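Beneath this line is the structure, given in structure tokens, with notes to follow.
Protein chains: 2
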Amino acid sequence: MEFKEAKNKFISTWGALGTTWGINKAMAQIHALLFISPDPLSMEDIMEELGISRGNTSMNLRQLIDWGIVYKENMPGERKEYFVSEKDVTELARQVAKERSRREIEPSIRVLSEVSNIEGDGTAKTEEFIKKTKELYDLADTANSLLLRMVNQEQNWITKTVIKLFK
Amino acid sequence: MEFKEAKNKFISTWGALGTTWGINKAMAQIHALLFISPDPLSMEDIMEELGISRGNTSMNLRQLIDWGIVYKENMPGERKEYFVSEKDVTELARQVAKERSRREIEPSIRVLSEVSNIEGDGTAKTEEFIKKTKELYDLADTANSLLLRMVNQEQNWITKTVIKLFK
DNA sequence: TTTTAATTTCAAATATTATTGAAAGTTTAA
DNA sequence: TTAAACTTTCAATAATATTTGAAATTAAAA
Chain A
11 MEFKEAKNKF ISTWGALGTT WGINKAMAQI HALLFISPDP LSMEDIMEEL GISRGNTSMN
71 LRQLIDWGIV YKENMPGERK EYFVSEKDVT ELARQVAKER SRREIEPSIR VLSEVSNIEG
131 DGTAKTEEFI KKTKELYDLA DTANSLLLRM VNQEQNWITK TVIKLFK
Chain B
11 MEFKEAKNKF ISTWGALGTT WGINKAMAQI HALLFISPDP LSMEDIMEEL GISRGNTSMN
71 LRQLIDWGIV YKENMPGERK EYFVSEKDVT ELARQVAKER SRREIEPSIR VLSEVSNIEG
131 DGTAKTEEFI KKTKELYDLA DTANSLLLRM VNQEQNWITK TVIKLFK
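Residue numbers (the numbering used here), protein chains in the order written: chain A, 11 to 177; chain B, 11 to 177.
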């Protein structure tokens with residue numbers, strides 16, 4: 011396999027993986043492209059490489075910036091904007107975990123807490139509902155805290171975690 | 011909040027959460043419904059509760075069964091099939107983690123391994139590509155192993171993990 | 001200023017994914 | 001067997017999400 015083929019395969023796999031996890035293809039592919047690029051890329055560069063429109067590129071770049079994994083960069087003497095990806099895989103994972111937690115997991119945990127606190131009336135239906143939603147709440151809350159603590163350990167969190175966990 | 015409201019809120023939140031993680035709404039909602047139901051439900055029951063068609067119900071039940079988190083159950087003397095959810099939240103998490111790992115993460119790891127093993131030609135482009143895809147490979151592979159080990163610990167994995175990790 | 005380059009926005013078009021419903025298939029019982 | 005009860009399949013339809021492209025906006029240069 012030569013470079014161009016490998017690169018295309020990487021970009022399309024990354025896009026497909028994103029899709030199965032609720033992240034749109036263009037967003038994942040733009041990220042993939044920037045992640046492997048040794049130099050900052052302009053919007054034109056990205057549009058051309060991925061064959062997508064200006065609007066699409068602009069919107070998804072903004073999302074990536076909102077997620078904290080892509081940054082704008084200005085080239086001296088150049089008017090147009092360039093973009094670079096977060097290059098540290100650890101920081102990338104940290105950022106993605108943080109954002110998904112904040113946007114999706116934590117709101118769901120709040121709902122679980124709410125609904126599991128209704129007054130029971132002694133029927134099997136309500137008792138089971140309360141019991142099961144409480145269990146889910148506990149699991150989600152614990153897993154979420156665990157994730158955030160792992161991910162917030164300053165350096166090499168994953169290595170440290172593995173060492174602690176299996177020694 | 012009374013039961014009916016809480017129940018609807020739980021089911022719709024679960025559906026919405028599923029959606030943001032690449033799981034279709036009907037599948038997530040059927041699961042939610044079964045998970046809080048003290049008794050097995052028939053296809054009719056599910057269709058009626060969620061207001062979805064027979065075909066949709068049938069297809070998504072099959073998927074849930076494929077994922078290993080819903081089981082068929084036969085009621086003595088009854089011809090039609092009933093369905094129950096995995097009730098143990100720990101087992102539920104284990105199963106979901108296992109399946110997502112197997113279906114999506116592991117194939118991606120294999121691709122990362124492949125593409126990061128191309129021959130470098132000394133240019134910045136290929137060197138960066140190899141370096142970055144290798145880093146991603148290492149991260150994904152380690153995180154995947156960690157996830158599987160956590161999730162395969164016999165009982166109370168999450169509690170054990172937390173204890174180990176933060177003591 | 002005014003002009004030009006670059007970016008963003010957003011309604012419309014397209015593509016993708018989910019859902020329906022009825023026909024075909026299966027299984028049990030008569 | 002045949003009929004009835006139930007489930008699955010899948011082409012058609014609907015719903016949702018993504019993408020486009022051109023007009024509007026913003027920002028830098030002349």
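We treat Cβ as the ideally placed atom computed from N, Cα and C, and that holds for glycine. On a predicted model such as this, the values are computed, not experimentally measured, just so you know.
Item                                                                                                              : Value
Partner residues on chain B for A/K17, Cβ-Cβ distance less than 7 Å                                               : F139
Local conformation of B/S95 per DSSP, three classes                                                               : strand
For B/N84, three-class secondary structure by DSSP                                                                : strand
Contacting positions in the segment 108-128 of chain B - beta carbon closer than 9 Å to chain A                   : R110, R113, E114, I115, P117, S118, V121, L122, E124, V125, S126, N127, I128
Residue environment, B/N18, which counts as buried when at least 16 other CB atoms sit within 10 Å                : exposed
A/S126, DSSP secondary structure in three states                                                                  : coil
Neighbour flag for B/K90 against chain A, beta carbons, 9 Å                                                       : no
Cβ of B/F93 within 9 Å of any chain A Cβ                                                                          : no
Close-in-space but distant-in-sequence residues of the same chain around B/L44 (CB under 7 Å, 5 per side omitted) : L51, V80, F93, V94, S95
Chain B contact residues for A/L27, given Cβ-Cβ distances below 7 Å                                               : E114, S118
From B/N84, B/M53, B/E58, B/E59, residue whose alpha carbon lies closest to that of B/M205                        : With chain B covering only 11 through 177, there is no way to say anything about residue 205 of chain B.
Same chain only: Cβ atoms within 8 Å of A/N154, ignoring 5 sequence neighbours per side                           : S111, I115, E116, I119
Residues bridged to B/L51 (per DSSP)                                                                              : B/F93
Under the three-state DSSP convention, the category B/Q105 falls into                                             : helix
Straight-line Cα distance separating B/A38 from B/Q163                                                            : 26 Å
Simplified DSSP assignment, three categories, for A/G28                                                           : helix
Three-state secondary structure (DSSP) of A/E145                                                                  : helix
C-beta neighbour in chain B for A/L206, strict 9 Å                                                                : Outside the displayed range of chain A (11 to 177) lies residue 206 of chain A, so it cannot be described from this structure.
C-alpha distance - B/L71 paired with B/A36, whole-angstrom precision                                              : 9 Å
Backbone secondary structure at B/T151 - three-state DSSP                                                         : Before going on, a small fix: residue 151 of chain B reads as Asp here, not Thr. Looking at B/D151 - three-state DSSP - the assignment turns out to be helix.
Beta-carbon proximity check, A/G32 vs B/G32, cutoff 9 Å                                                           : yes
Delimiting residues of the alpha helix (DSSP H) encompassing B/T67                                                : 64-76
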